[in-house]
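Numbering follows UniProt numbering, in which position 86 of the sequence shown is assigned residue number 86; successive positions increment by one, without gaps. Idealized CB from N, CA, C, for every residue including glycine.
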Amino acid sequence: GMLSLALSFETLLDEVEPQLAYHFSTHDIYPLKIAIKWIIKTFSGCLATDQILQLWDCMLAYDTTEIIVVLAVGIMSLRKPILLQAENQATVENILADISGVKVIPVLHGMLSSAHHHHHASTAFSR
Numbered sequence: 001g002m003l004s005l006a007l008s009f010e011t012l013l014d015e016v017e018p019q020l021a022y023h024f025s026t027h028d029i030y031p032l033k034i035a036i037k038w039i040i041k042t043f044s045g046c047l048a049t050d051q052i053l054q055l056w057d058c059m060l061a062y063d064t065t066e067i068i069v070v071l072a073v074g075i076m077s078l079r080k081p082i083l084l085q086a087e088n089q090a091t092v093e094n095i096l097a098d099i100s101g102v103k104v105i106p107v108l109h110g111m112l113s114s115a116h117h118h119h120h121a122s123t124a125f126s127r
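What follows is the structure in structure tokens.
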């Protein structure tokens, strides 16, 4: 359910982007506050409609909702250079407010191609 996806998000962010996770924790920034909104809505209203359909295709293909978590971390990963300069929650929320230009497949592909380094990411796709 929602709680396990929230935990997956935090774990995956720590594993894939430790530098970002550390930056957030030292600045009292809670990326889950943003990610949880994406997760609850399955990104609907956040991404372009054709991208939502691709996300659903991926979830069906891999038969797991963990895809949403991988995408959430992937988007933060994509914006890492600016996120590392953010000093507070409000700035991070502004940076991630508009993700309508994000392309699902390239982001997921980038995350999955690095997944062999990250056990957690790869297990999400081998169920």
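Nearest-angstrom Cα distance between residue i and residue j?
{"i": "alanine 121", "j": "threonine 49", "result": "Bear in mind that the predicted position of alanine 121 carries a pLDDT of just 49, short of 50, making it unreliable; the figure below should be weighed with that in mind. Approximately 25 Å between the Cα atoms of the pair."}
{"i": "glycine 101", "j": "proline 18", "result": "25 Å"}
{"i": "proline 31", "j": "leucine 71", "result": "14 Å"}
{"i": "phenylalanine 43", "j": "isoleucine 95", "result": "16 Å"}
{"i": "arginine 127", "j": "lysine 103", "result": "Reliability of the predicted coordinates at arginine 127 is poor, the pLDDT of 38 falling under 50, and the value obtained from them is presented with this limitation in mind. If I take the Cα positions, the gap works out to 25 Å."}
{"i": "leucine 3", "j": "alanine 90", "result": "24 Å"}
{"i": "aspartate 14", "j": "isoleucine 40", "result": "21 Å"}
Beta-carbon separation of residue i and residue j under 8 Å?
{"i": "histidine 23", "j": "leucine 84", "result": "yes"}
{"i": "leucine 5", "j": "threonine 65", "result": "yes"}
{"i": "isoleucine 34", "j": "glutamate 87", "result": "no"}
Rank the options by C-alpha distance to the C-alpha of residue i and give the top, closest one.
{"i": "leucine 53", "options": "Gly110, Leu12, Ile105 and Ser114", "result": "Ile105"}
{"i": "leucine 112", "options": "Cys58, Trp38 and Gln51", "result": "Cys58"}
{"i": "isoleucine 75", "options": "Trp56, Cys46 and Ile29", "result": "Cys46"}
{"i": "serine 99", "options": "Trp38, Ser25, Gly1 and Val16", "result": "The amino acid at residue 99 is misidentified as serine; the sequence shows isoleucine. Minimum Cα distance to isoleucine 99 is reached at Trp38."}
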